[in-house]
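**Q** Using numbering that gives the first Met the number 0, the first residue of the sequence shown is number 0, and each one after it goes up by one.
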Amino acid sequence: MTAAAGSFIAGGGFAEQSMSKPLIYKGRASISNAAGRFEKQSGQAEDDGWGSLDDDLPPLPTEIVADASKSLITYNDSPDIPFDRSINPYRGCEHGCIYCFARPTHAYLGYSPGLDFETKILVKADAAELLRAELGKRSYRCAPLALGTNTDPYQPLERQQRIMRGILEVLAETRHPVSIVTKSALIERDIDILAEMAKQGLASVCLSVTTLDRSLARILEPRASAPQRRLDAVARLNEAGVPVGVMVRR
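1. Buried or exposed: residue 163, going by 16 or more other Cβ atoms within 10 Å of its Cβ?
2. In chain order, what residues of the same chain lie with their CB nearer than 6 Å to the CB of residue 169, ignoring the 5 residues before and after it?
3. Reducing DSSP to helix, strand and coil, say where residue 118 ends up.
4. Does the beta-carbon distance from residue 106 to residue 150 come in below 8 Å?
5. Quick one: what's got a C-beta closer than 6 Å to residue 12's C-beta in the same chain, skipping five residues either side?
6. State the beta-bridge partners of residue 74 as determined by DSSP.
7. Applying the criterion that 16 or more other CB atoms from any shown protein chain within 10 Å of the CB defines a buried residue, is residue 202 buried or exposed?
8. In angstroms with no decimal places, state the Cα-to-Cα distance between residue 92 and residue 199.
9. Using only the alpha-carbon positions, how far apart do residue 206 and residue 223 sit?
10. What residues in its chain sit with their C-beta under 8 Å from that of residue 76, if we drop five residues either side in the sequence?
11. Using C-beta distances below 6 Å, list every residue in its chain close to residue 165, excluding the 5 sequence neighbours before and after it, in chain order.
12. Give the secondary structure of residue 183 by DSSP, where H, G and I count as helix, E and B as strand, and everything else as coil.
13. From 144, 145, 124, pick the residue whose C-alpha is nearest to that of residue 69; which is it?
14. Note down, in chain order, each residue of its chain lying with its Cβ closer than 8 Å to the Cβ of residue 208, except the 5 sequence neighbours on either side.
15. Can you give me the C-alpha to C-alpha distance between residue 176 and residue 62, rounded to a whole angstrom?
16. Please report how far the alpha carbon of residue 133 lies from the alpha carbon of residue 186, in whole angstroms.
17. In the DSSP assignment, find the unbroken beta strand (DSSP E) run with residue 206 in it and report its ends.
18. Just the Cα atoms here: how many angstroms apart are residue 103 and residue 79?
19. Buried or exposed for residue 87, going by 16 or more other Cβ atoms inside 10 Å?
20. Do residue 190 and residue 241 have their C-beta atoms closer together than 8 Å?
21. Can you tell me the Cα-Cα spacing of residue 193 and residue 179, whole angstroms?
22. Pull up the DSSP beta-bridge partners for residue 62, would you.
23. Could you tell me the distance, in whole angstroms, from the CA atom of residue 217 to the CA atom of residue 67?
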């Protein structure tokens, strides 16, 4: 008797978890990799009778995918949102917050909103150059830019990619206002830029703190900064003169 283990999708791994064992990867929040709703094909893996699906799962590494977008700023005209333009340096998020509202957007890219969302990250390596070109257009009219509206601009990959750092350098050079939302203490790295922008009234930051329970946070947000580290970042930003707030659930 065989046990269904999941559906395989091109570039997306297995879609459903094993009937006998949850699909749990250490450091990842999702326990499934269900095919996106736009996919037309899927397959189903079966246990070969040798217990091949019962072994512990190996670490699931992050895969960097080049984002070929030709523009960087996204505009909206929603009356429910207090900004009309935003930037997302990454698509997908290594933080892997299990509750993330942005997960379904990965389906538009041919990936799963499950594990793919937190392991297959599209990176806009030329973001600074694209931004400089867009801000330099004669038709551009300045208004505050929002960062971190879909996925976190300070997710772990940013330590090596430094895309957010490049974006802030362009915004500081052009004296362009910006607001940032993150749940990462990595933002402390860019306090030098943010503090100078804040002196000109050009920068503000909000740190999202879902819970102060470290154990619960590790389950819900496995690769985000620990709650105390986020509060430390709030303190450091405040000390540097950067307007900073905390986003909490009431």
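Just so you know, even glycine gets a beta-carbon here, dropped at the ideal spot from N, CA and C.
**A** Checking against the coordinates, here is how it stands:
1. Residue 163 should be labelled buried.
2. Here the set comprises 127, 130, 131.
3. For residue 118, the three-state secondary structure derived from DSSP is helix.
4. No, these two residues do not count as a Cβ contact at 8 Å.
5. With a pLDDT of 44 at residue 12, under the threshold of 50, the modelled position of this residue cannot be trusted, and the question is left open.
6. In the DSSP output, where bridge partners are listed per residue, residue 74 has 84.
7. A residue is called buried when at least 16 other Cβ atoms come within 10 angstroms of its Cβ; residue 202 meets this threshold and is buried.
8. In this structure, the alpha-carbon of residue 92 lies about 31 Å from that of residue 199.
9. If I take the Cα positions, the gap works out to 11 Å.
10. Excluding sequence positions up to five before and after residue 76, its CB lies within less than 8 Å of the CB of 83, all in the same chain and listed in chain order.
11. So the list reads 127, once near-sequence residues are dropped.
12. Residue state, collapsed to three classes: coil.
13. The shortest C-alpha separation from residue 69 is found at 124.
14. The beta carbon of residue 208 is closer than 8 Å to those of 182, 226, 229, 230, 245, 246, 247 in its chain, skipping five residues each way along the sequence.
15. In a straight line, the C-alpha of residue 176 is about 32 Å away from that of residue 62.
16. Each residue's Cα considered, the two are about 24 Å apart.
17. 202 to 207 is the span of the beta strand (DSSP E), which, as asked, contains residue 206.
18. CA-to-CA, the gap between residue 103 and residue 79 works out to about 20 Å.
19. Answer is buried; the Cβ neighbour count reaches 16.
20. Taking 8 Å as the cut-off, the Cβ atoms of residue 190 and residue 241 count as close.
21. Between the C-alpha atoms of residue 193 and residue 179 there is a straight-line separation of about 10 Å.
22. DSSP lists 119 as partners of residue 62.
23. The alpha-carbon atoms of residue 217 and residue 67 are separated by roughly 33 Å.
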